[in-house]
Every structure is written in C-alpha cells, then in structure tokens.
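In the numbering used here, the protein residues as written are 23 to 635.
Each residue gets a CB set at the ideal place from its N, CA and C atoms; glycine is no exception.
The structure under discussion appears below in the form of structure tokens.
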Amino acid sequence: MNRNSVSPPFVLRYVYAILAVVAVVVSAVLVSLYLVQQGELEARNRVQFTHLDSVEETAELAREARALREQVLSRLTESVTDHSGAAGVQSVQIGYSGLMQSMRSRLTRLSELMEQSDSDIFVLALNRLIDRFDQIDRSLRFSQPGAEIISSIDVLSSNIEQYERLHQIAADRELHELADRQSERPRFLGILLLCLALGTLAAWYLLRSLRVSLQRQVAAELALAESQERLHHIQKLDALGKLVGGIAHDFNNWLTVILGHAGLLRDNIEGNERLEAGLDEISQAGEQAASLTKQLLAFSRRQRFEPRILDLNELIRGMEEMLQRVISRGIKLRFSYADDLADVELDPDQMQQVILNLINNARDAMPDGGLLTVATERALVGPEGVEIDGVPDGEYAKLSVSDTGFGMDEETRQRVFEPFFTTKETGQGTGLGLSTVHGIVTASDGYIFVESREGEGSRFVIYFPRAQQRQAAVSDVTAEATPQDGLETVLVVEDNEQVRKFVETGLASLGYRVLSAAGGGSGLELCRTESSRIDVILSDVVMPETSGPRFMAAATKLQPDAIPIYMSAYTKDEVLRFRRGNTEADIPLLTKPFEIEALSRLIREQLDSKAKR
Numbered sequence: 023m024n025r026n027s028v029s030p031p032f033v034l035r036y037v038y039a040i041l042a043v044v045a046v047v048v049s050a051v052l053v054s055l056y057l058v059q060q061g062e063l064e065a066r067n068r069v070q071f072t073h074l075d076s077v078e079e080t081a082e083l084a085r086e087a088r089a090l091r092e093q094v095l096s097r098l099t100e101s102v103t104d105h106s107g108a109a110g111v112q113s114v115q116i117g118y119s120g121l122m123q124s125m126r127s128r129l130t131r132l133s134e135l136m137e138q139s140d141s142d143i144f145v146l147a148l149n150r151l152i153d154r155f156d157q158i159d160r161s162l163r164f165s166q167p168g169a170e171i172i173s174s175i176d177v178l179s180s181n182i183e184q185y186e187r188l189h190q191i192a193a194d195r196e197l198h199e200l201a202d203r204q205s206e207r208p209r210f211l212g213i214l215l216l217c218l219a220l221g222t223l224a225a226w227y228l229l230r231s232l233r234v235s236l237q238r239q240v241a242a243e244l245a246l247a248e249s250q251e252r253l254h255h256i257q258k259l260d261a262l263g264k265l266v267g268g269i270a271h272d273f274n275n276w277l278t279v280i281l282g283h284a285g286l287l288r289d290n291i292e293g294n295e296r297l298e299a300g301l302d303e304i305s306q307a308g309e310q311a312a313s314l315t316k317q318l319l320a321f322s323r324r325q326r327f328e329p330r331i332l333d334l335n336e337l338i339r340g341m342e343e344m345l346q347r348v349i350s351r352g353i354k355l356r357f358s359y360a361d362d363l364a365d366v367e368l369d370p371d372q373m374q375q376v377i378l379n380l381i382n383n384a385r386d387a388m389p390d391g392g393l394l395t396v397a398t399e400r401a402l403v404g405p406e407g408v409e410i411d412g413v414p415d416g417e418y419a420k421l422s423v424s425d426t427g428f429g430m431d432e433e434t435r436q437r438v439f440e441p442f443f444t445t446k447e448t449g450q451g452t453g454l455g456l457s458t459v460h461g462i463v464t465a466s467d468g469y470i471f472v473e474s475r476e477g478e479g480s481r482f483v484i485y486f487p488r489a490q491q492r493q494a495a496v497s498d499v500t501a502e503a504t505p506q507d508g509l510e511t512v513l514v515v516e517d518n519e520q521v522r523k524f525v526e527t528g529l530a531s532l533g534y535r536v537l538s539a540a541g542g543g544s545g546l547e548l549c550r551t552e553s554s555r556i557d558v559i560l561s562d563v564v565m566p567e568t569s570g571p572r573f574m575a576a577a578t579k580l581q582p583d584a585i586p587i588y589m590s591a592y593t594k595d596e597v598l599r600f601r602r603g604n605t606e607a608d609i610p611l612l613t614k615p616f617e618i619e620a621l622s623r624l625i626r627e628q629l630d631s632k633a634k635r
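Below, the structure is given as structure tokens:
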C-alpha cells in the first residue's frame, strides 16, 4: 500500500476548512477597511459639501442681507429728503429685485445642500430663514418699506448668523470626529493585524491538524492493511496447520504399522544377517519419518516442548548437509565448533527451527552472495569473563550466526524481533521468523542479541546456560525395552484396521488374550457381553464414532477393574483437548508410532503397579 495514499474527501474536508477560515478572515478585514474608508469619506463629504459649502453660502447670504438693509434704510432716508419723483424710486426697487433674487437663489442652494443631511435642526432653521425671507419679499413687493422692514431684515440677519454658526459647529464637530478616527487608525489597524495573525494561526493549526490527521489516516490504513494481511496469513497458517496435523496423524498411524511389523519380524529372523540389515534400514527410515512428523506437528503447533540435555555441536553437525541445501550457491557457509562447549538443555526440534530461521534470514540478506558463519563458543559471564547486560553470571554455550549482507539501521535493529515486523516486500515475508526465534530462545532460558550496521552485515548471538547435569534422552514410553509377556485380557479399540491388527498380533505373540473393536460402540458391546474380566482397555483418543475419553468413561463403568490406556498419533498437549477432568489426565498415553516392546512394557508396568496397590 502507498504510504501517501489518502482518500480525497478526507483531504478536501480540511482544505475546505482552511479556505473557509482564510476567506472569513480576509473578508472581515476587507469589509472593516471598506467601512472605515466609507465612513471617513462620508464624513469628509458632509464637512465639505454640506457644512462648509453651507457656511460659505450663508456668509454670502448674510452679506447680501446687510446690503439689503442698507438699501432699505437708504430708501427710507431718501423718501424723507428727496422729492425728485418716480425715477429714483424705480431705481431703488430695481436694487431690491436684484438682491432678493440673489438671496433666493442662495436659499435654494442651501435647500439643495440640506437634502444630503438627515438632521432636523438644520431643516427647521433653514425653513425659518426661508419663511422670514418670503415675508420680507412680500413686504417689499406689495407695500411701501417702513421701519418694520428694517426690523425683519435684522431678524433675518440674526437667523442667518445662527444658521451659519450651526453649520460651523457641525463642521468643527465632524472634523474633530474625523481626526479622532484617524488617530484611532493605528489601533484599528493593529486589531486587523491581530485578526490576520489569529486567522493565520488558525490556518496553521488546521494545516497541522491536517498533517497529523493524514498521518493517522495513513497509519490507520496501513495498520488495517497489515492486520488484514496478518489475518489472511494466520488463516492460511491455521488451515495449513490443520491439514499438516491431519497428515501427520495419519502418517504416524502408518509408521506404527511399519515400525511395529518390522519389530515383530526382527524377532523371527535371528541369524539372517541380510534380512536383519533390511529391517534395520526399514526401522531407520521409519524413525527418520517419525522425526519428520514431529516437525510437521511442531509447524501445526501440535507438538509439545520437550527439552533434553544435548551437545549443541552435535545438533548443528547433524544439520550441516540440510543447511548447505538451504543457502544459495553464491553464499559460502562456514562452521566453527568449540571443543570445550558446555552441554545445554534444549528441545532439539525447536533448536533446529531456530538455526534454520537464522540461516534463512542471513541468506535473504545476501542476495548477491557472501560469507555466512555459524560458530559455537564457550562463554563465561561475570567477574571471570565478560559482563553482558541482562545476562546472569555463569557458564554459557554461545551460538553466533554472522553474515556479510546489507545489514540493518538502528530502528530496524530495535524492532527486528517484533511479531509481523518485516522489511521485505508484501508477499515475500511474514515477519514471524525472528519473533519465533526470540520466543524459542527465551522459553529455553536463553538470551539473544543482534549486532548490525547498514552495509556491514549482521550477527545474531545466543547464550544458552550450561545444563546442570548430563542425563540420557528418554522419550515418554517409546524407549527400546525387552517385550513383556502376559496372560491378561486386553481390549483394543482402534479405528485404523492396520494399527489394530498390528497390536492384536503383537500382544497375542506375547501371550495376552486380545479382544478388538473398530470403534467405541463395538468396544462397549464387548465390555457388556464379555463373560471374563477385561484387565486392560487400550483405546485410541480420536475416533469417528465417539472420542476416546467418552468411550473410556463408559467402558470403565462396565469394567471397573480394567486399567485404561490411551494411544494416539497426536502428542500429549493435543490429546489433552479431548480429555475431561483430572482423573483422565492421569491415564497414560502411548504416542504413535510405537513398537510392541514399548506397548507391552507400559501394560506390564500398569498391571504390576495395580497389583502392588
């Protein structure tokens, strides 16, 4: 899976969020700037085109009002002293008409300027001016000027001055507010910059969240893919393990027949060296096949852990030929053995798996060839030898597997024993090899270390503690022994016909009276109908009709004095799944393949033990 692959909707969700934040912040800043600029522009327009223009027009209007007063006053004076006739009066009225027309035009201009203002104060003041002007205009048009006209003109001049002061005050106030706004602009710009900074911080946080979320998404998708791959692999291993376990079970049955009849024939051909040699070859091949079934059962996790004291050098020497076949042609395999190596207590099958996994790992690290070294060495840990962190003082057998491959970086070296961790491409490794090695070594009270650098190869070092004492390797009940005769009655319940006939023949040759049944039902029928006592009931554990434990529980009720014995092509750990209760767990088990000597010895031991009780 590509580590950079993320579903588009997941990415777009964060991209849209970031764009939305940026758009909101930028829009807010632009709108704020626009509103500020618009407010200042409107304030300047009001000052310039309303108040200042009104002040200017009002000043001219006041001047013309003063001129009108002078003309009216002059007309009144002339009417007293000058009696020249109608020509003078007509000239004065023409002067009235020009001033009045000019003043009316200015009042109209002021009305137009007031259309941009929404203040009732200015509208009322202007209306008073217009009313006063209309009153004076009517007086001058339709009546002879008198002293009351002068008074009206003085009131008009006073109103004009008040109106001018109103606009001047408003202009000063607007200019002061505009100056205050301009003085506040740095603070406002600072707030806008702060908003931009917060927006940038929010965008950065979202980007960071996006990156973290993408990493988590990628990690989750990778973990899911790895989990699915592990699940498929485990399912395959489980299915393969069941298949292998079934094959090993049937194979052990066949080996029981082969090795059993070989043993029976050997007793009847004494002195015939040629036939004895042939039977020896058959027995040797059968034992090798039995060892193979143990490995198959170990692979299917049906093989129990059976440590024994052994010489590690001898174990590795026995694997040399197989290991030579495992490695590539371009790899040189070198062995080095210590003469004074201490004995160790290990399961040989498990130890073979450890060595094989390490060899395979080294082989894969040298695709172009190289040198692979397997060495043993006696090691003393403690004051008299070397100090190793985590390894108690004592004598150890040291096993090292070194290669000249491409090596590992520090991160890989730290994780090399993790289950399912692998640096190989998908489908080329499961990540279980070295974790299995680590599990087997630690279960054997050993210690494993890895030394590696990129380009300089790798070296796996294992320390196994010295065994306390040397003892012979003895299997459960399969050691060779002299056949034990008997006269007792033995009931054999086995679904495999060849195994059943072999057991019948072998025990009958030793003097036992043998009853046989192909399943649990026929076996129980014999227990009910047999007139004489049955001394031993020998039953397979896994049978088609019913399990061995169920049959044995019913059979021992019918024959309470009979000694129960199990036999199985599986090992004890697997058989325990079919047993019920502590009592049945104590019933002896004879594992297949076996020869008649081992069976007769076990039967004799159980009968003698019962007799002593």
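Enclosing beta strand (DSSP E) for T397 [first to last residue]:
By one-based count along the sequence shown, residue 397 stands at place 375. In the sequence as displayed, the identity of residue 397 is Ala instead of Thr. Per DSSP, A397 is one residue of the beta strand (DSSP E) stretching across 392 to 403.
T613 (DSSP reduced to helix, strand or coil)
On the sequence shown, residue 613 is found 591 positions in, with the first residue counted as 1. Three-state result, T613: strand.
Answer yes or no: do L135 and T72 have a C-beta to C-beta separation smaller than 7 Å?
In the sequence shown, the residue the question calls residue 135 occupies position 113. In the sequence shown, the residue the question calls residue 72 occupies position 50. Yes.
Return yes when the Cβ of G545 is within less than 7 Å of the Cβ of V515, no when it is not.
Residue mapping note: residue 515 aligns to position 493 of the sequence shown, counting from 1. Residue mapping note: residue 545 aligns to position 523 of the sequence shown, counting from 1. Between V515 and G545, the CB-CB gap stays under 7 Å.
May I ask you to report which of helix, strand or coil DSSP gives V472?
Within the sequence shown, residue 472 is the residue found at index 450, counting from 1. In the structure shown, V472 falls within a strand segment according to DSSP collapsed to helix, strand and coil.
Could you say which of A584, D159, T426 lies nearest to D557 if we only look at CA atoms?
Position 535 of the sequence shown holds residue 557. The option with the nearest alpha carbon to D557 is A584.
Work out the CA separation of L611 and T500 for me, nearest whole Å.
Looking up residue 500 in the sequence shown gives position 478. Looking up residue 611 in the sequence shown gives position 589. Confidence at T500 is low in this model, with a pLDDT of 40, below 50, so its placement is unreliable and the value that follows should be read with caution. Their backbone Cα atoms lie some 11 Å apart in a straight line.
Where M589 sits in the DSSP three-state scheme
Working through the sequence shown from its first residue, we reach residue 589 at position 567. Correct three-state label for M589: strand.
Identify, in the order they occur along the chain, each residue of the same chain with its Cβ nearer than 6 Å to the Cβ of R347, setting aside the five sequence neighbours on each side.
One-based indexing of the sequence shown puts residue 347 at position 325. Once the five neighbours on either side are set aside, R347 has no close Cβ partner at all.
Count the other C-beta atoms from every protein chain shown that fall within 10 angstroms of the C-beta of Q250, then say buried if there are 16 or more, exposed otherwise.
Here the question's residue 250 lines up with position 228 in the sequence shown. With fewer than 16 other Cβ atoms within 10 Å, it is exposed.
Collapsed DSSP secondary structure at G416 in the structure displayed:
Your numbering for residue 416 matches position 394 in the sequence shown. It is a strand residue.
When DSSP builds the beta bridges, which residues end up paired with P487?
Along the sequence shown, read from residue 1 onward, the residue named residue 487 stands at position 465. In the DSSP assignment, P487 is bridged to Y418.
How would you write the range of the beta strand (DSSP E) that L368 sits in, first residue to last?
As a position in the sequence shown, residue 368 is number 346, starting the count at 1. Start and end: 366 to 368.
Please state the DSSP three-state secondary structure of H105.
Here residue 105 corresponds to residue number 83 of the sequence shown, with the count starting at 1. Because H105 carries a pLDDT of 48, less than 50, the predicted location of this residue cannot be relied on, and the following value inherits that uncertainty. The answer is coil: DSSP assigns H105 none of H, G, I, E or B.
Mark I116 as exposed unless 16 or more other C-beta atoms lie within 10 angstroms of its C-beta, in which case mark it buried.
On the sequence shown, position 94 is the one that residue 116 refers to. Any reading at I116 is ruled out, since the residue's pLDDT is 48, under 50, leaving its predicted position unreliable.
Measure from the alpha carbon of N382 to the alpha carbon of each residue in E137, E417, M344, then state which is nearest.
The residue you call residue 382 lines up with position 360 of the sequence shown. If we check each option's Cα against that of N382, M344 comes out closest.
My guess is that K5 and N335 are in contact by the Cβ rule of under 8 Å, so how many angstroms apart are they, rounded?
Residue 5 lies beyond the stretch modelled for the chain, which goes from 23 to 635, so this question has no answer here.
Please state the DSSP three-state secondary structure of V77.
Mapped onto the sequence shown, residue 77 falls at position 55. Helix.
Segment limits, beta strand (DSSP E) that includes I349
To locate residue 349, count along the sequence shown from 1; it is residue 327. Judged by DSSP secondary structure, I349 falls outside any beta strand (DSSP E); it is assigned neither H nor E.
Grab me the residues of Y485's own chain with a C-beta within less than 7 Å of its C-beta, minus the 5 sequence neighbours each way, in chain order.
Start at 1 with the first residue of the sequence shown, and residue 485 comes out as number 463. Here the set comprises A401, V413, Y418, K420, G468, Y469.
Does the segment 173 to 187 come into contact with the segment 146 to 163, if we say contact requires no fewer than three beta-carbon pairs (one atom in each stretch) closer than 8 Å?
With a cut-off of 8 Å, the segment 146 to 163 and the segment 173 to 187 count as touching, because enough Cβ pairs lie within range.
I need the straight-line Cα distance from L216 to V48, nearest angstrom please.
As a position in the sequence shown, residue 216 is number 194, starting the count at 1. As a position in the sequence shown, residue 48 is number 26, starting the count at 1. For L216 and V48, the distance between alpha carbons rounds to 12 Å.
The alpha helix (DSSP H) that contains A147, what's its start and end?
Taking the first residue of the sequence shown as position 1, residue 147 is located at position 125. Its alpha helix (DSSP H) spans residues 142 to 164.
Spatial neighbours of S358 within its chain, please: C-beta separation below 6 Å, excluding the five flanking residues on both sides.
Here residue 358 corresponds to residue number 336 of the sequence shown, with the count starting at 1. Only A397 meet the Cβ criterion.
Please classify F482: does DSSP put it in a helix, a strand, or coil?
Residue numbering aside, residue 482 sits at position 460 when the sequence shown is read from its first letter. Three-state DSSP puts F482 in a strand.
Relative to the C-alpha of I331, which candidate in R488, T568, D507 has its C-alpha closest?
Locating residue 331 in the sequence shown gives position 309, counting from the first residue. Closest option to I331, judged by alpha-carbon separation, among R488, T568, D507: R488.
Have a look at the DSSP bridge pairing and note the partners of S424.
By one-based count along the sequence shown, residue 424 stands at place 402. The partner list for S424 (beta bridge, DSSP) reads T395, R481.
Could you give the distance in angstroms between the alpha-carbon of E433 and the alpha-carbon of L228?
As a working note, residue 433 is residue 411 in the sequence shown. As a working note, residue 228 is residue 206 in the sequence shown. Going by the C-alpha atoms only, they are around 31 Å apart.
Out of D517, L529, L129, which one is the CA nearest neighbour of E567?
As a working mapping, residue 567 is identified with position 545 in the sequence shown. Comparing C-alpha distances from E567 to each of D517, L529, L129 shows the shortest one belongs to D517.
In chain order, what residues of the same chain lie with their CB nearer than 7 Å to the CB of G392, ignoring the 5 residues before and after it?
Residue 392 sits at position 370 when you count from the first residue of the sequence shown. Excluding residues within five positions, the ones whose Cβ falls inside 7 Å are I353, D425, T426, G427.
S124, DSSP secondary structure in three states
What you label residue 124 is simply residue 102 of the sequence shown in a count that begins at 1. Note: S124 maps to helix in three-state DSSP.
Test item: CB-CB of G285 and I618 under 7 Å
Along the sequence shown, one-based indexing puts residue 285 at 263. Along the sequence shown, one-based indexing puts residue 618 at 596. Their beta carbons are under 7 Å apart, which means G285 touches I618 by this criterion.
Going straight from the alpha carbon of E406 to that of N294, what length do you get?
Taking the sequence shown and counting its residues from 1, the one referred to as residue 406 is at position 384. Taking the sequence shown and counting its residues from 1, the one referred to as residue 294 is at position 272. One C-alpha to the other measures close to 59 Å.
7 Å Cβ shell around R150 - same chain, five flanking residues per side excluded:
On the sequence shown, residue 150 is found 128 positions in, with the first residue counted as 1. Taken in chain order, the residues that qualify are N181.
Buried or exposed for R230, going by 16 or more other Cβ atoms inside 10 Å?
Counting from 1 along the sequence shown, the entry for residue 230 is found at position 208. When all chains shown are included, R230 counts as exposed.
According to DSSP, simplified to helix, strand and coil, what is V564?
To locate residue 564, count along the sequence shown from 1; it is residue 542. In the structure shown, V564 sits in coil (DSSP, three-state: anything other than H, G, I, E or B).
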